[in-house]
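Notes to accompany the following structure.
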Amino acid sequence: MWIYEKKLEYPVKVSTCNPSLAAMIIEQFGGADGELAASLRYLTQRWAMPTNQAKAILTDIGTEELAHWEMIGTIVYQLTKDLPESKIVGTPFEAHYVNHGLDVYPHNAAGVPFTATYFNAKGDPIANLHENMAAEQKARATYEHLISISDDPGVIDALRFLRQREVVHFQRFGEALRIVQEYQDSKKFF
Amino acid sequence: MDMNREQLMRRIQEVEFAVIDINLYLDTHPTHQQALMDYNKLTQELMNLKMMYERQYGPLTNFGYAPSQYPWQWIESPWPWEDEYTCKEDMPCGFMKRN
Ligand SMILES: [Fe+2]
Chain L
620 MWIYEKKLEY
630 PVKVSTCNPS
640 LAAMIIEQFG
650 GADGELAASL
660 RYLTQRWAMP
670 TNQAKAILTD
680 IGTEELAHWE
690 MIGTIVYQLT
700 KDLPESKIVG
710 TPFEAHYVNH
720 GLDVYPHNAA
730 GVPFTATYFN
740 AKGDPIANLH
750 ENMAAEQKAR
760 ATYEHLISIS
770 DDPGVIDALR
780 FLRQREVVHF
790 QRFGEALRIV
800 QEYQDSKKFF
Chain H
-11 MDMNREQLMR
-1 RIQEVEFAVI
9 DINLYLDTHP
19 THQQALMDYN
29 KLTQELMNLK
39 MMYERQYGPL
49 TNFGYAPSQY
59 PWQWIESPWP
69 WEDEYTCKED
79 MPCGFMKRN
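Here it is, written out as structure tokens:
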């Protein structure tokens, strides 16, 4: 069961419309290392995870990533809110607009729609947790690229928050990996 | 302590963020007593703040987590992605750094 909270995890304050920036930030809404892929990756890996610490961390980080997905959707929405067509034509957002209008839709910055092939559940907790650690580093790198191309102080503030969360998630997955490794060693797994 | 809606929401976001962060830490350090004490103390503070907010501005959660006044308040604006900010026709859009 999940409960929705009618609030953002962290405030999003966009300073001005910017369809070009929206078209790039949508990478984290529907891209390979974006927040939707992160959430579904962790929530999908929960079922056969062997230790309680790892079940909890997958559940909780998977849930927090959905809150990040909502923040990214909010940034994209606000950067393009009420935009007249004259301000869209000729920007990288135009290709999104012809298919989705001002709806937010999960595709990456190049327009490729979201797919479950962005993540895996490998039937092997060690492999899964390594994938998660790599995913957090790749998300951090994407946020750094986005921060370096942004000039909107409100957007940069929210992106910095999200970048920092990836660093914390990486740390927690590393701890979960060590716990699962110790558990498997104690069971003389092989 | 007199806070307007935005200040109260900001305070809730701050305390809830601390709670989320400690929650993740406790997931992999379940016997860390100081973290657990911090978690419980901040959880109490968060519950009080949310009760204060919900009494004035309506429920933050549905599905039986908070009662509603008449008429059903859950549907009321603002939803989290909504803000006072609007793009004005005569206002130029922001550009990417390379412009
Ligand atoms: Fe993350």
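If you read the sequences in order, they're chains L and H. Heads up: the first sequence begins at 620 in our numbering, then just goes up one per residue. Heads up: the second sequence begins at -11 in our numbering, then just goes up one per residue. Built from N, CA and C at the ideal position, the CB exists for glycine as well.
For residue 674(L), the CB contacts under 7 Å within the same chain, skipping 5 residues up- and downstream, are 665 and 668 in chain order.
Within the chosen limit of 7 Å, ligand 1 does not reach the beta carbon of residue 8(H) with any heavy atom. Secondary structure of residue 20(H) (DSSP, three-state): coil.
Distance from the C-beta of residue 788(L) to the nearest heavy atom of ligand 1 is below 7 Å.
In terms of Cα proximity to residue 80(H), the closest of 699(L), 722(L), 718(L) and 717(L) is 699(L). Close to chain H, meaning a Cβ-Cβ distance shorter than 7 Å, are the following residues of the region 688 to 718 of chain L: 689, 692, 693, 696, 697, 700, 701, 702, 703 and 706. Boundaries of the alpha helix (DSSP H) harbouring residue 678(L): 671 to 699, taken from the DSSP string. By the neighbour-count definition (other C-beta atoms within 10 Å, threshold 16), residue 68(H) is a buried residue.
Those residues of the region -8 to 25 of chain H placed with their C-beta closer than 8 Å to a C-beta in chain L are -3, -2, 0, 1, 4, 5, 8, 9, 11, 12, 13, 15, 16, 17 and 18, ordered along the chain. Taking the Cβ of residue 657(L) as the reference point, at least one heavy atom of ligand 1 falls within a distance shorter than 7 Å. Close CB contacts of residue 778(L) within its chain, under the 7 Å cut and outside five residues either way in sequence, are with 762, 765, 766 and 769 (chain order). Per DSSP, the unbroken alpha helix (DSSP H) holding residue 802(L) starts and ends at 772 to 805. Pairing residue 696(L) with residue 807(L), the inter-Cα distance amounts to about 51 Å. DSSP links residue 624(L) through a beta bridge to 49(H). For residue 732(L), the secondary structure class from DSSP, reduced to helix, strand or coil, is strand. Taking a Cβ-Cβ cut-off of 8 Å, the neighbours of residue 68(H) in chain L comprise 625, 626, 627, 689 and 693, given in sequence order.
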